[in-house]
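Structure follows, in structure tokens:
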């Protein structure tokens, strides 16, 4: 139980964002040289960044890092994805060697890329960009038995929290971007989203990397079976994770919690990140105060998760890759939102009004 | 007629984008380490960048410049905006002194900021960031007489083209962002959009920087009057510009044309840029091949213009400021789209499939 206790301790450190700083930002927006409200959602984002940092203007988050949490999934044996399990490990190597989409997009965002192996099947060769924190070699088949134990889920949460803490405490990172890699991981993501939103699997299940109608129907059926088998209780988030989650979802929940505890903005990517954020919120109700929805993934579960979290996505480019790609594209939007509050002249400065 | 001839000559230099290079990019996307289509609109953007540059992968546009074209409007005397005309000149100074929203957002995008005075009322003090190319001190009241002469419209088009050419030929700029400043300029923008799309003024008129119901109704009425008075002929784009346009819209049309002639991507901002792009398309039907819709402005005319141009906006942050702000936010999306094609590993590279 010690490790579960650590998760609860971390969750207990999450406090609501600073409403007074957010209010200052709202007032500041009215003084800047632009018609009130004319920067739309950029203004909202600036207000939220002020609440997160407790300062108006908020610091410009210029040192982003994407953490790609990777794991494998026993449920893949049910045939829910056309991709073989080995692809997870191959993609981890691709991230390390900077050949993946996340690496290309991280370059534009000026983000460092870290990969956290929290549950990839088999051994991975070491690499400076790869953090080894394997809790187990992939989960069990969640449609037949719990994906993992509560202790394993808790350890994965703390692994994600650990890397987030280290990055933030190094002083070299001031914004966290969630990324995920795991062949088959939209199945546990849909289970988690269904469990926490109460929506039926058919509403929150998507085609992941691209599956045909037959596989899609199978996938929905597998998710329905899993939920019937475990009857996950949303009041017990670690129990839900253990029953129907993935190790990378657990790690991402930890990353969201630690970002919130450290008062650092966390930009969520797609459906796996949304599922993880629901776990984080169930553990710490104020955690979403620190989260931004980077984009609206084309996976239907993503929209359901974000609606439940009360987060409106910043971008919608019909992406569905994961890896943090959609969230990385939103980083300049947040940087711009902070710059508006910190760098614009006021009407008084320029002699208008 | 010499100057009109120069506009036509420039328009004649615009050729369609390179379909073969675009096709290569489509094929390349299928080989990269991601499920086909999973990067959504980022893939489309990469295909278009390949067509524009005639190369796959396309160069990453790392040296953007926003050109803020500024002018004043005689129609302001009708009371279509609550802001006084002097604000145009004050905002030009604000751009020069780097205190405006466009400056803050340009910093995130790594974009240089140039201001083109093509028609601000009164004299402006010189500044290194300000290009003086004043055609006249604001337009006439377009609801009573032509806003300007055909020659003036043509000179303003060539002023915008001139600064675009100079920036591109300097080798320091490889992507152009359109920006506008002009108190009252959503009125001529709506006139232009109505003239080129055939939609009634009530459908394409918005509240600009924020006006009350009474002013809004007056604005629609003024636009209806102007269109009835001039009956602008969309087959004669310089005539439309002269009758119901603005000097900054003319300059922006020239910028769009020159970007297309130089095969450089042009990122359009909001309703004034959309109106200008319609003028450019009427002069050179292939000009939109080189344009990206940076965002969907909250002004209803913007959506109408983009639909007519066949351009889908990249972002929608409910912004309505102008100055190039919405387009600047889209620059990293285009940089990312180019990087995907140029920097990602293929499935073969990493041993998948």
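Residue numbers (this note's numbering), protein chains in the order written: chain A, 3 to 355; chain B, 3 to 355. Backbone N, C-alpha and C define an ideal beta-carbon position, used for all residues, glycine too.
Which residues of chain A have a Cβ atom closer than 7 Å to the Cβ of residue 96 of chain B, listed in chain order? For this step, residue 96 of chain B is matched to residue 94 along the second chain. In chain order: 35, 347 and 352.
Inter-stretch contact at 8 Å, needing at least 3 Cβ pairs: the stretch 69 to 79 of chain B / the stretch 203 to 214 of chain B: The stretch 69 to 79 of chain B is not in contact with the stretch 203 to 214 of chain B.
Chain A residues whose Cβ lies nearer than 7 Å to that of residue 260 of chain B: Sequence index remark: in the second chain, residue 260 of chain B carries index 258 (1-based). Those do not exist, as residue 260 of chain B stays about 26 Å from chain A at its closest Cβ, beyond 7 Å.
Are any of the Cβ atoms in chain A nearer than 9 Å to that of residue 337 of chain B? Residue numbering aside, residue 337 of chain B sits at position 335 when the second chain is read from its first letter. Judged by the 9 Å Cβ criterion, residue 337 of chain B is in contact with chain A.
Using only the alpha-carbon positions, how far apart do residue 242 of chain A and residue 345 of chain B sit? Within the first chain, the letter at position 240 stands for residue 242 of chain A. Within the second chain, the letter at position 343 stands for residue 345 of chain B. Rounded to whole angstroms, residue 242 of chain A to residue 345 of chain B spans 39 Å at the Cα level.
Going by CA-CA distance only, name the one from B:151, B:114 and B:85 that's closest to residue 98 of chain B. Counting from one through the second chain, the residue named residue 98 of chain B turns up at place 96. For the residues B:151, B:114 and B:85, the minimum Cα distance to residue 98 of chain B belongs to B:114.
Alpha carbon to alpha carbon, how far is residue 354 of chain A from residue 49 of chain A? Counting from one through the first chain, the residue named residue 354 of chain A turns up at place 352. Counting from one through the first chain, the residue named residue 49 of chain A turns up at place 47. Approximately 24 Å, taken between the alpha carbons.
Residue 237 of chain B versus B:212, B:268 and B:197, residue with shortest Cα-Cα distance: On the second chain, residue 237 of chain B is found 235 positions in, with the first residue counted as 1. Comparing Cα positions, the closest option is B:197.
Report the residues of the stretch 24 to 58 of chain B with a CB closer than 8 Å to any CB of chain A, ordered along the chain. 34, 35, 36, 37, 38, 39, 40, 41, 42, 43 and 44
In whole angstroms, what is the alpha-carbon distance linking residue 302 of chain A and residue 285 of chain A? For the purposes of this step, residue 302 of chain A is taken as the residue at position 300 of the first chain. For the purposes of this step, residue 285 of chain A is taken as the residue at position 283 of the first chain. Straight-line Cα distance between these residues: approximately 24 Å.
Roughly how many angstroms separate the alpha carbons of residue 163 of chain B and residue 248 of chain B, rounded to a whole number? Indexing the second chain from 1 puts residue 163 of chain B at position 161. Indexing the second chain from 1 puts residue 248 of chain B at position 246. Near 16 Å, if we compare the C-alpha coordinates of residue 248 of chain B and residue 163 of chain B.
Let me know the secondary structure DSSP gives residue 84 of chain A once reduced to three states. On the first chain, residue 84 of chain A is found 82 positions in, with the first residue counted as 1. The answer is coil: DSSP assigns residue 84 of chain A none of H, G, I, E or B.
Determine, using beta carbons only, whether residue 140 of chain A and residue 322 of chain B come nearer to each other than 9 Å. One-based indexing of the first chain puts residue 140 of chain A at position 138. One-based indexing of the second chain puts residue 322 of chain B at position 320. No, Cβ-Cβ distance for residue 140 of chain A and residue 322 of chain B is not below 9 Å.
Run down chain B in chain order and give the residues with a C-beta less than 8 Å from the C-beta of residue 211 of chain A. Sequence index remark: in the first chain, residue 211 of chain A carries index 209 (1-based). In chain order: 37 and 40.
Within 10 Å of its beta-carbon, does residue 276 of chain A have 16 or more other beta-carbons around it, so buried, or fewer, so exposed? For the purposes of this step, residue 276 of chain A is identified with residue 274 of the first chain, where counting begins at 1. Its Cβ being crowded by 16 or more others within 10 Å, residue 276 of chain A is buried.
What residues in its chain sit with their C-beta under 7 Å from that of residue 63 of chain A, if we drop five residues either side in the sequence? Indexing the first chain from 1 puts residue 63 of chain A at position 61. Here the set comprises 176, 177, 267, 336, 337 and 340.
Check each residue of the stretch 111 to 127 of chain B: if its Cβ is closer than 8 Å to any Cβ of chain A, include it; give the result in chain order. 111
Evaluate residue 250 of chain B with the Cβ neighbour count: other Cβ atoms within 10 Å of its Cβ, from every protein chain shown; 16 or more gives buried, anything less gives exposed. In the second chain, the residue the question calls residue 250 of chain B occupies position 248. Classification of residue 250 of chain B: buried, given that the 10 Å Cβ count is 16 or more.
Rounded to whole angstroms, what's the CA-CA distance from residue 289 of chain B to residue 181 of chain B? Just pull it up for me. Reading the second chain from its first residue, position 287 is the one you call residue 289 of chain B. Reading the second chain from its first residue, position 179 is the one you call residue 181 of chain B. Each residue's Cα considered, the two are about 18 Å apart.
Would you list, in chain order, the members of the stretch 285 to 300 of chain B that have their beta-carbon closer than 7 Å to a beta-carbon of chain A? 300
With distances taken between CB atoms, is the gap from residue 347 of chain B to residue 96 of chain A smaller than 9 Å? Position 345 of the second chain, counted from the first residue, corresponds to residue 347 of chain B. Position 94 of the first chain, counted from the first residue, corresponds to residue 96 of chain A. Yes, Cβ-Cβ distance for residue 347 of chain B and residue 96 of chain A is below 9 Å.
At 8 Å on the CB atoms, spell out the chain B contacts of residue 131 of chain A, in chain order. On the first chain, position 129 is the one that residue 131 of chain A refers to. By Cβ distance, chain B contributes nothing, its closest Cβ being about 15 Å from residue 131 of chain A, past 8 Å.
DSSP beta-bridge partners for residue 183 of chain A? What you label residue 183 of chain A is simply residue 181 of the first chain in a count that begins at 1. DSSP output for residue 183 of chain A lists A:72 as bridge partner(s).
Go ahead and pull the three-state DSSP assignment for residue 317 of chain B. Here the question's residue 317 of chain B lines up with position 315 in the second chain. Reduced to three states, the DSSP call for residue 317 of chain B is strand.
Per DSSP, what kind of secondary structure is residue 137 of chain A in: helix, strand or coil? For this step, residue 137 of chain A is matched to residue 135 along the first chain. Correct three-state label for residue 137 of chain A: coil.
Is it right to say residue 271 of chain B is buried, meaning 16 or more other beta carbons lie within 10 angstroms of its own, or is it exposed? As a working note, residue 271 of chain B is residue 269 in the second chain. Burial call: buried.
So, using beta-carbon positions, are residue 391 of chain B and residue 159 of chain B closer together than 9 Å? Beyond the ends of chain B as shown, which are 3 and 355, falls residue 391 of chain B; an answer cannot be given.
Measure from the C-beta of residue 305 of chain B to each C-beta in chain A and report whether the shortest distance is under 9 Å. Within the second chain, numbered from 1, the residue matching residue 305 of chain B stands at position 303. False, the Cβ-Cβ gap to chain A never drops below 9 Å.
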